[in-house]
Amino acid sequence: MKNLNDYVAVYQAQLQKGDILIAYKELVSFVMKLRTDLKRDSSFDYSVTGILHGYLDYTYFYFSNDFLKSKKLKFGLVLNHLEMRFELWLLGNTAEIQKKYWTFLKETKWIKNRMEMPEYSVLEVVLIENPNFNNLPLLQKNLEIELNKNLLEIMDFI
Numbered sequence: 001m002k003n004l005n006d007y008v009a010v011y012q013a014q015l016q017k018g019d020i021l022i023a024y025k026e027l028v029s030f031v032m033k034l035r036t037d038l039k040r041d042s043s044f045d046y047s048v049t050g051i052l053h054g055y056l057d058y059t060y061f062y063f064s065n066d067f068l069k070s071k072k073l074k075f076g077l078v079l080n081h082l083e084m085r086f087e088l089w090l091l092g093n094t095a096e097i098q099k100k101y102w103t104f105l106k107e108t109k110w111i112k113n114r115m116e117m118p119e120y121s122v123l124e125v126v127l128i129e130n131p132n133f134n135n136l137p138l139l140q141k142n143l144e145i146e147l148n149k150n151l152l153e154i155m156d157f158i
């Protein structure tokens, strides 16, 4: 059985190779640019928070508007590092709010096939399953199209 020192040694060795550092920096930079561009886009009718970093598992930012705030909800645009895909999450401000909206949305196309509520959100929609990071402008364009399409559908339902 490995102890923490064993895990740290593997972690350090991987970081010293350099590939993980470069990939992580570029991925976070892409999400930061996406966030900045959405924040500057006058047609994006949401207030946007700063970038948040998980434990090398997620990079994300939240956004909301007055309607969502009145319902104690917010969205998150998430780069899921473990699955290497982009997701849109609907989140409640509290566990109680999340359970309420999980029940409310249970029979919708977004979660009707899920047996249990996600750990961190009410629902998780995959926006881009297999992102092509070799063409970042096209990736961003496709991501924005999928994001806006899903936001409209979810907001109309709520």
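Numbering (the UniProt record's numbering), first residue to last: 1 to 158. Positions of the beta carbon are idealized from the N, C-alpha and C atoms, including for glycine. Because the structure is a prediction, the values reported are computed rather than measured.
Under the 8 Å Cβ criterion, the segment 122-129 counts as touching the segment 81-91, having at least three qualifying pairs. Cα atoms of P118 and T103: separation of roughly 12 Å, rounded to the nearest angstrom. Excluding five sequence positions before and after Q140, the CB atoms of its chain that fall closer than 8 Å to its own CB belong to F30, K33, L34, D37, given in chain order. In the DSSP assignment, S42 falls outside any alpha helix (DSSP H), carrying neither H nor E. Check the Cα spacing between L152 and each of D6, L4, L68: the tightest is with L68. In the structure shown, L82 adopts coil according to DSSP, grouped into three states.
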